[in-house]
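Okay, so here's the structure we're looking at.
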Amino acid sequence: MSKAILTFLNTEILVSLIHFGFQVIKMSREESQKINVKDWITLSTVMIGAVLTILALIWQLPPDNGIVTSTFLLMLSFIFFVNSVSANSKASFEANSEDVNDERIKRFVTFAEYSFGLGFTLVIIGFSILGYEYLLKYEGREIVTLILPIAFLGTAWIVIFIYNLINYFGKPLGAIRSLKRNLWIFIELICLIIITFDFFEVITLP
Numbered sequence: 002m003s004k005a006i007l008t009f010l011n012t013e014i015l016v017s018l019i020h021f022g023f024q025v026i027k028m029s030r031e032e033s034q035k036i037n038v039k040d041w042i043t044l045s046t047v048m049i050g051a052v053l054t055i056l057a058l059i060w061q062l063p064p065d066n067g068i069v070t071s072t073f074l075l076m077l078s079f080i081f082f083v084n085s086v087s088a089n090s091k092a093s094f095e096a097n098s099e100d101v102n103d104e105r106i107k108r109f110v111t112f113a114e115y116s117f118g119l120g121f122t123l124v125i126i127g128f129s130i131l132g133y134e135y136l137l138k139y140e141g142r143e144i145v146t147l148i149l150p151i152a153f154l155g156t157a158w159i160v161i162f163i164y165n166l167i168n169y170f171g172k173p174l175g176a177i178r179s180l181k182r183n184l185w186i187f188i189e190l191i192c193l194i195i196i197t198f199d200f201f202e203v204i205t206l207p
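Our numbering puts the first residue of the sequence shown at 2, with every later residue one more than the last.
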């Protein structure tokens with residue numbers, strides 16, 4: 002049991018640190034007028050390593066259920082992070098070339114942002130499932146088991162909403178009009194519903 006808790010805490014700390022770095026880089030990038038993709042390439046590369054590390058940790062002592070779903074989500078996120086590195090690298094190359102096309106650069110940067118955002122969302126979902134399944138294994142179907150993913154995702158949504166309030170300050174309803182973040186929240190909400198169904202034994206996560 003102690004080994005499973007240590008595995009879970011290690012992955013939680015890792016994801017939390019990366020999430021903090023993601024927010025810092027996001028804010029610094031939006032304050033800059035020129036396109037700077039080096040930080041995003043670095044962060045995407047770090048996420049690739051983090052995903053592989055999490056996979057290695059959870060397979061040392063997997064939960065009874067949910068390991069297949071979590072592995073599937075993490076491996077998909079790996080693809081999106083690799084694509085984010087590729088798209089950002091292409092944007093950097095275009096920005097430094099003699100024939101600069103701002104519209105093309107913007108498209109590559111946008112594609113990279115969506116790739117990274119979706120990849121990170123899949124990591125959050127996979128981590129929520131893992132935390133729930135580890136508690137389910139050792140605590141059973143107690144209310145605290147269901148509270149964990151609710152608290153985890155709920156805290157993430159509150160942080161995102163506060164960030165949007167700051168980012169879109171002075172813009173009417175701007176905090177709830179961010180398409181990307183609303184999309185990520187919607188996907189995470191579906192995940193929470195599925196976890197709830199699993200808790201009440203309506204379905205079973207593989």
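Note that CB positions come from ideal geometry on N, CA and C, so glycine has one too.
Note on the region 129-174: whole alpha helix (DSSP H) runs with a minimum of 4 residues are 144-168, in chain order.
Spatial neighbours of residue 49 in its own chain (CB-CB distance under 7 Å, excluding positions within 5 residues in sequence) are listed in chain order as 79, 82 and 83. With a cut-off of 8 Å on Cβ pairs, the region 84-104 is not in contact with the region 125-133, counting fewer than three such pairs. In the three-state reduction of the DSSP assignment, residue 204 falls in the coil class, being assigned neither a helical nor a strand state. Annotation: the continuous alpha helix (DSSP H) that includes residue 78 extends over 68-97. Rounded to whole angstroms, residue 147 and residue 122 show a C-alpha spacing of 20 Å. By the Cβ rule, the region 133-153 counts as touching the region 192-199, because three or more pairs are nearer than 8 Å. Leaving aside the five residues that flank residue 87 on each side, none in its chain has a CB nearer than 6 Å to its CB. When only Cα atoms are considered, residue 188 and residue 54 end up about 24 Å apart. Excluding the 5 residues flanking it on each side, residue 75 has same chain C-beta neighbours closer than 8 Å at 52, 55, 56, 123, 124 and 127, in chain order.
Relative to the Cα of residue 185, the nearest Cα in the group 58, 64, 100 and 119 belongs to 119.
Going by C-alpha positions, residue 206 is about 43 Å away from residue 104. Taking C-beta atoms under 8 Å as the contact rule, residue 113 and residue 71 fail to qualify, at a distance of about 25 Å.
Residue 46 has its alpha-carbon roughly 30 Å from the corresponding atom of residue 195.
Scanning its chain for C-beta atoms nearer than 7 Å, with the 5 sequence neighbours on each side dropped, one finds around residue 106 the residues 36, 92, 95 and 96, in chain order. DSSP, read as helix, strand or coil, puts residue 62 in coil. The three-state secondary structure of residue 183, taken from DSSP, is helix. When only Cα atoms are considered, residue 117 and residue 183 end up about 15 Å apart.
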